[in-house]
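Residue numbers (full-length UniProt numbering): 1 to 342.
What follows is a short report on a single structure.
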């Protein structure tokens, strides 16, 4: 019967340097927010002993690999197969916290970023899953389920984690800000949630980065909206509005004849140079221009469609290594011409 050696303990980490995404990570299923279906299924799996609850045996019974780093077939054949084939020892159902947990003789292999594994590695993993399913459970974590080969996907129960709702993320962010003594300007937390798009991990990272940045100043200052824009890489709304105005578009309504009349090559070049010299990403500018342009009521469907094609061509040019300033200049001047034909 195989034995399991204890892994060396990780060195103690300074609490001030600990990432908040780790510090405030859910510790139990009850802490998970806005994923009701997934939580309900996991509760049922734990109660039916289809999935082991092994708080005291975690080091011996769980193997976690980041498949984006260890993605080759050799890792599957050596690390994963070696761990999967070992038969776990019987363990009592009572844990050190005094609670009784169902503890079937399973081990758990977690493969993070599993969609980065090569096709050969996934095919080899398929055979291991078939051979050792009686003693080993596999958890594949991925961003794109379409990159997982069908034989693997068909053997798994799929849990899709949707973006969190505004109420859940707002409450969690307020709790973290209060616990860490974070001082923010009015509306900054709402801005962080908007930029994070339902990704709580991203929102917490933005908040911690902003806190460290402003706490390092003398004296410490509240986190500002401009700092959050710079941290996230999102172009400030004022700059996007200035670009729209340079091609004759009112940011709140649509095509404005007076703005269009004052628009010129020089005004477009000035707006583009401000963006490039401040170091903003042309990809991000295009994305935000698209999102700002489409909802405007005073721009017709034809003009929006033509502008979308122009932005798509600009994106293609950037992907092929084109100069950002020239590509943006060409894009905006062509969009200005489209708006002038209305």
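Every residue gets a Cβ at the ideal spot worked out from N, C-alpha and C, and that includes glycine.
The structure displayed is predicted, hence computed values, not measured ones.
List the residues that DSSP assigns as beta-bridge partners of residue i.
| i | result |
| --- | --- |
| residue 85 | Note: residue 85 sits in no beta bridge, so no partner. |
| residue 64 | 110 |
| residue 80 | Answer is none; residue 80 lacks a bridge partner. |
| residue 249 | 255 |
| residue 184 | 223 |
Apart from the five residues just before and just after residue i, which ones in its own chain have a Cβ nearer than 6 Å to its Cβ?
| i | result |
| --- | --- |
| residue 147 | 115 |
| residue 122 | 149 and 152 |
| residue 243 | 271 |
If you follow the beta strand (DSSP E) that residue i is part of, which residue opens it and which one closes it?
| i | result |
| --- | --- |
| residue 137 | 136 to 140 |
Please say whether residue j and residue i have beta carbons closer to each other than 7 Å?
| i | j | result |
| --- | --- | --- |
| residue 270 | residue 298 | no |
| residue 193 | residue 209 | no |
| residue 292 | residue 240 | yes |
| residue 250 | residue 286 | no |
| residue 140 | residue 164 | no |
| residue 62 | residue 108 | yes |
| residue 267 | residue 246 | yes |
| residue 128 | residue 184 | no |
| residue 274 | residue 235 | no |
| residue 327 | residue 318 | yes |
| residue 260 | residue 340 | yes |
| residue 324 | residue 282 | yes |
| residue 191 | residue 228 | yes |
For residue i, I'd like the list of residues in its chain whose CB is within less than 8 Å of its CB, leaving aside the five on either flank, ordered along the chain.
| i | result |
| --- | --- |
| residue 338 | 303, 306, 307 and 310 |
Please work out which residues of its chain come closer than 7 Å, Cβ to Cβ, to residue i, disregarding the five sequence neighbours upstream and downstream, and give them in chain order.
| i | result |
| --- | --- |
| residue 124 | 73, 76 and 77 |
Identify the continuous alpha helix (DSSP H) that holds residue i and give its terminal residues.
| i | result |
| --- | --- |
| residue 331 | 324 to 340 |
| residue 307 | 301 to 319 |
| residue 119 | 119 to 131 |
| residue 212 | 200 to 215 |
Residue i: beta carbon under 6 Å from a heavy atom of the ligand SAM?
| i | result |
| --- | --- |
| residue 194 | Inclusion of the ligand SAM in the displayed structure is not the case, the ligand content being empty and no account of it being possible. |
Could you tell me how far apart the beta carbons of residue i and residue j are, in whole angstroms, since I believe they sit closer than 8 Å?
| i | j | result |
| --- | --- | --- |
| residue 20 | residue 204 | 5 Å |
| residue 336 | residue 197 | At roughly 30 Å, the Cβ-Cβ gap does not stay under 8 Å, so residue 336 and residue 197 are not in contact. |
| residue 188 | residue 225 | 6 Å |
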